[in-house]
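Visitor: Everything in the sequence shown is counted per the working numbering, starting at 3 for the first residue and increasing by one.
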Amino acid sequence: MIPDKSYNILVIDDEEPIRRLLQNELSNSRRNVHIAKSGEEGIQIVRDYWFDVVLLDLRLPDVKNLELLIKIRESVPDCEVIMITGHGDIDSAVAAMKLGAYDFIRKPFNLDRLDIIVEKAHQKVLLARENAMLRHTADSSKNSLKFIGNAEIIKDIHFLVQKVAPARIPVLITGESGVGKDVIAHLIHQNSGCAAKPMIAKNCASLQQELARSELYGHVKGSFTGATESREGLLAFANESTLFLDEIGELPLEVQASLLRVLETQTYRRIGEKEERKANVRLLFATNRKLVDEVEAGRFNEALYHRINAFTIEIPPLRQRKEDLPLLVDYFLTNLGQESENYQVVERAMAAILAYDWPGNVRELRNVIERSIILSENGLITERCLPRELVEGPQAHKSPLALNVVERNHILKMLDFYDGNKQKAAETLGISRKTLYRKLAAYAS
Ligand SMILES: Nc1ncnc2c1ncn2[C@@H]1O[C@H](COP(=O)(O)OP(=O)(O)OP(=O)(O)O)[C@@H](O)[C@H]1O
Ligand SMILES: [Mg+2]
Numbered sequence: 003m004i005p006d007k008s009y010n011i012l013v014i015d016d017e018e019p020i021r022r023l024l025q026n027e028l029s030n031s032r033r034n035v036h037i038a039k040s041g042e043e044g045i046q047i048v049r050d051y052w053f054d055v056v057l058l059d060l061r062l063p064d065v066k067n068l069e070l071l072i073k074i075r076e077s078v079p080d081c082e083v084i085m086i087t088g089h090g091d092i093d094s095a096v097a098a099m100k101l102g103a104y105d106f107i108r109k110p111f112n113l114d115r116l117d118i119i120v121e122k123a124h125q126k127v128l129l130a131r132e133n134a135m136l137r138h139t140a141d142s143s144k145n146s147l148k149f150i151g152n153a154e155i156i157k158d159i160h161f162l163v164q165k166v167a168p169a170r171i172p173v174l175i176t177g178e179s180g181v182g183k184d185v186i187a188h189l190i191h192q193n194s195g196c197a198a199k200p201m202i203a204k205n206c207a208s209l210q211q212e213l214a215r216s217e218l219y220g221h222v223k224g225s226f227t228g229a230t231e232s233r234e235g236l237l238a239f240a241n242e243s244t245l246f247l248d249e250i251g252e253l254p255l256e257v258q259a260s261l262l263r264v265l266e267t268q269t270y271r272r273i274g275e276k277e278e279r280k281a282n283v284r285l286l287f288a289t290n291r292k293l294v295d296e297v298e299a300g301r302f303n304e305a306l307y308h309r310i311n312a313f314t315i316e317i318p319p320l321r322q323r324k325e326d327l328p329l330l331v332d333y334f335l336t337n338l339g340q341e342s343e344n345y346q347v348v349e350r351a352m353a354a355i356l357a358y359d360w361p362g363n364v365r366e367l368r369n370v371i372e373r374s375i376i377l378s379e380n381g382l383i384t385e386r387c388l389p390r391e392l393v394e395g396p397q398a399h400k401s402p403l404a405l406n407v408v409e410r411n412h413i414l415k416m417l418d419f420y421d422g423n424k425q426k427a428a429e430t431l432g433i434s435r436k437t438l439y440r441k442l443a444a445y446a447s
């Protein structure tokens with residue numbers, strides 16, 4: 003069995019001999035070394051997975067000097083970057099250090115020095131994470147993720163979360179879109195024994211059918227056409243942490259049986275490899291589908307369903323817990339509004355909020371409050387600050403133009419934030435990549 007205390011290194015270099023050399027030299031039982039051939043591939047992998055240390059070629063043909071370093075530092079601040087530099091690059095190397103690179107190593111490599119730098123960079127990452135954890139614990143009451151609600155059912159959910167979080171058993175979180183399944187997954191992770199490591203979340207709708215197994219388990223070089231390099235899967239990235247498989251109903255049927263095996267044996271194999279690896283991972287699942295119907299329709303593996311359904315947290319739609327609306331409104335006003343403003347919702351506006359059905363659940367409420375803050379004057383939220391369908395009732399709801407505009411703007415803002423990376427934007431928005439494409443196509447038409 004391969005030891006499970008390991009960390010992840012990414013080598014981004016356009017020269018194949020350098021990639022090979024670094025992969026061979028740095029790989030050992032504690033280090034998983036991945037490679038990217040270009041800047042573009044590198045940033046994609048860095049954003050999708052979780053790395054501790056990146057070795058980055060200072061001169062890549064497809065990106066401007068140091069641009070990638072800045073992007074990596076922005077996307078994953080808790081990962082250390084070591085620059086690979088050539089002869090005469092000393093000025094750029096110094097500039098890189100000023101931009102937050104950990105150190106630089108010159109070609110041709112002194113392999114002993116390389117080993118020491120990588121190890122030290124990793125130590126720094128561990129220390130920084132530990133500090134972040136301590137800080138987080140110290141002010142967790144202020145900033146941490148909250149699942150707001152006082153309804154009896156919400157109290158029950160809080161109770162379940164507290165009870166199940168420290169246990170390692172898989173949990174299935176169900177409920178309509180926008181009810182807070184992501185929030186609950188994060189809360190379970192935060193209250194578990196692996197909170198010090200980040201949770202890895204993957205939306206199964208974004209897994210490519212033919213590559214889904216490889217994404218989950220990893221593969222070795224040459225194990226199938228196109229497998230030009232060995233690669234770790236999500237289970238390795240989530241080692242000693244939580245893997246959250248969102249929209250589990252979208253997982254290709256043929257992969258479902260293998261996932262059941264992982265849950266039962268706590269081991270897995272990379273594609274093309276005989277050796278079994280320990281799946282030291284807590285698995286969480288979410289779906290807004292009725293999985294039992296999917297089983298009936300032959301689209302979901304029945305045994306897997308029973309395995310993951312053993313502990314389910316069902317989040318009811320917002321319309322069934324309207325008593326929580328004032329609390330949620332307050333929460334979003336405080337969190338999304340100006341700190342200096344004292345917002346007030348006038349009675350008629352609150353009545354409209356209470357009367358509305360909230361088909362988009364808490365996400366829709368959040369968007370509506372975000373919009374109303376922009377439209378408010380002197381902190382006063384009146385009916386005029388609310389979308390038409392809320393104030394005018396179900397008839398107006400048929401033309402949800404205003405909400406669409408809010409949604410569209412929000413989606414475009416996210417895309418902008420992630421430099422047009424649809425995968426990342428979709429994940430942050432909590433929708434599938436397919437849904438994002440559909441929405442973008444609708445805006446364009
Ligand atoms: N009880 C709650 N308290 C505070 N914020 C909440 C609550 N429920 C949901 N939210 C917020 O509402 C938004 C949508 O929640 P979330 O992404 O968890 O929904 P979801 O059930 O995962 O939706 P989807 O099925 O579309 O992925 C997020 O901004 C989340 O922070
Ligand atoms: Mg979600």
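Just so it is clear, CB atoms sit at the ideal spot from N, CA and C, and this is done for glycine as well. Note that the structure is predicted; figures quoted are calculated from it, not measured.
Identify, in the order they occur along the chain, each residue of the same chain with its Cβ nearer than 8 Å to the Cβ of Val163, setting aside the five sequence neighbours on each side.
Guide: Taking the first residue of the sequence shown as position 1, residue 163 is located at position 161. Result list for Val163: Phe149, Ile186, Leu189, Ile190, Asn193, Ile315, in chain order.
Visitor: Can you give me the C-alpha to C-alpha distance between Ser29 and Asp117, rounded to a whole angstrom?
Guide: What you label residue 29 is simply residue 27 of the sequence shown in a count that begins at 1. What you label residue 117 is simply residue 115 of the sequence shown in a count that begins at 1. In a straight line, the C-alpha of Ser29 is about 10 Å away from that of Asp117.
Visitor: Hey, would you say the C-beta of Gly177 is under 7 Å away from at least one heavy atom of ligand 2?
Guide: In the sequence shown, residue 177 corresponds to position 175, counting from 1. No, the beta carbon of Gly177 sits no closer than 7 Å to any heavy atom of ligand 2.
Visitor: How many whole angstroms separate the CB atoms of Ala281 and Leu237, which I take to be in contact at a CB cut-off of 8 Å?
Guide: Here residue 281 refers to the residue found at position 279 when the sequence shown is read from its first residue. Here residue 237 refers to the residue found at position 235 when the sequence shown is read from its first residue. With a Cβ gap of about 5 Å, Ala281 and Leu237 count as contacting.
Visitor: Can Glu178 and Lys126 be called in contact, C-beta distance under 8 Å?
Guide: Locating residue 178 in the sequence shown gives position 176, where the first residue counts as 1. Locating residue 126 in the sequence shown gives position 124, where the first residue counts as 1. Taking 8 Å as the Cβ cut-off, Glu178 and Lys126 do not qualify as a contacting pair.
Visitor: How big is the Cα-Cα spacing for Lys292 and Met85?
Guide: Here the question's residue 292 lines up with position 290 in the sequence shown. Here the question's residue 85 lines up with position 83 in the sequence shown. Computed Cα separation, rounded: 49 Å.
Visitor: Thinking just about the alpha-carbon of each residue, which of Leu147, Thr244, Arg271 is nearest to the one in Glu234?
Guide: Position 232 of the sequence shown, counted from the start, is the residue given in the question as residue 234. When only C-alpha atoms are compared, the closest one is Arg271.
Visitor: Can you have a look at Leu438 and say buried or exposed, based on whether 16 or more other CB atoms are within 10 angstroms of its CB?
Guide: Indexing the sequence shown from 1 puts residue 438 at position 436. With 16 or more other Cβ atoms within 10 Å, it is buried.
Visitor: For the alpha helix (DSSP H) containing Phe334, list its first residue and its last residue.
Guide: Start at 1 with the first residue of the sequence shown, and residue 334 comes out as number 332. 327-338 is the extent of the alpha helix (DSSP H) around Phe334.
Visitor: Just grab the DSSP bridge partners of Arg108 for me.
Guide: Numbered from its first residue, the sequence shown carries residue 108 at position 106. Answer is Thr87, bridged to Arg108.
Visitor: Between Glu43 and Arg373, what straight-line distance do the alpha-carbon atoms span, to the nearest angstrom?
Guide: By one-based count along the sequence shown, residue 43 stands at place 41. By one-based count along the sequence shown, residue 373 stands at place 371. Distance between the alpha carbons of Glu43 and Arg373 is about 36 Å.
Visitor: Pull up the distance between the alpha-carbon of Cys328 and that of Thr289, whole angstroms please.
Guide: Taking the first residue of the sequence shown as 1, we reach residue 328 at position 326. Taking the first residue of the sequence shown as 1, we reach residue 289 at position 287. Checking the sequence shown, residue 328 turns out to be Pro, not Cys. Answer to the nearest angstrom: the Cα atoms are 27 Å apart.
Visitor: Under the criterion of a Cβ to heavy atom distance below 7 Å, does Ala288 qualify as lining ligand 2?
Guide: Here residue 288 corresponds to residue number 286 of the sequence shown, with the count starting at 1. Answer for Ala288: yes, Cβ within range of ligand 2.
Visitor: For Val48 versus Ile74, is the C-beta spacing smaller than 8 Å?
Guide: By one-based count along the sequence shown, residue 48 stands at place 46. By one-based count along the sequence shown, residue 74 stands at place 72. Contact: yes.
Visitor: Looking at the secondary structure, which residues open and close the alpha helix (DSSP H) in which Glu429 lies?
Guide: For the purposes of this step, residue 429 is identified with residue 427 of the sequence shown, where counting begins at 1. Unbroken alpha helix (DSSP H) run through Glu429: 424-431.
Visitor: Is the beta carbon of Val348 closer than 8 Å to that of Leu320?
Guide: Locating residue 320 in the sequence shown gives position 318, where the first residue counts as 1. Locating residue 348 in the sequence shown gives position 346, where the first residue counts as 1. No; because the gap between Cβ atoms is not below 8 Å, this pair is not in contact.
Visitor: Can at least three beta-carbon pairs, one atom from the stretch 248-262 and one from the stretch 47-67, be found at a separation below 8 Å?
Guide: They do not touch, by the three-pair rule.
Visitor: Val257 and Leu218 - do their beta-carbons sit closer together than 8 Å?
Guide: Here the question's residue 218 lines up with position 216 in the sequence shown. Here the question's residue 257 lines up with position 255 in the sequence shown. In this structure, Val257 lies closer than 8 Å to Leu218 by Cβ.
Visitor: Per DSSP, what kind of secondary structure is Val364 in: helix, strand or coil?
Guide: Your numbering for residue 364 matches position 362 in the sequence shown. The answer is helix: DSSP assigns Val364 an H, G or I state.
Visitor: Between Lys426 and ligand 1, is the CB less than 7 Å from at least one heavy atom?
Guide: If you number the sequence shown from 1, residue 426 lands on position 424. No, the Cβ of Lys426 stays beyond 7 Å of every heavy atom of ligand 1.
Visitor: Please specify which runs of the alpha helix (DSSP H), each continuous and at least 4 residues long, are wholly inside the stretch 6-54, giving them in chain order.
Guide: With a minimum length of 4 residues, the continuous alpha helix (DSSP H) runs that stay inside the stretch 6-54 are 18-28, 41-50.
Visitor: Looking at C-alpha atoms only, which residue of Ala38, Leu247, Gly180 is the closest neighbour of Leu367?
Guide: Against the sequence shown, residue 367 aligns to sequence position 365. The residue with the shortest Cα to Cα distance from Leu367 is Gly180.
Visitor: Using CA atoms only, rank isn't needed, just tell me which of Phe161, Gly195, Ala312 is closest to Val173.
Guide: If you number the sequence shown from 1, residue 173 lands on position 171. Checking every option, the nearest Cα to that of Val173 belongs to Ala312.
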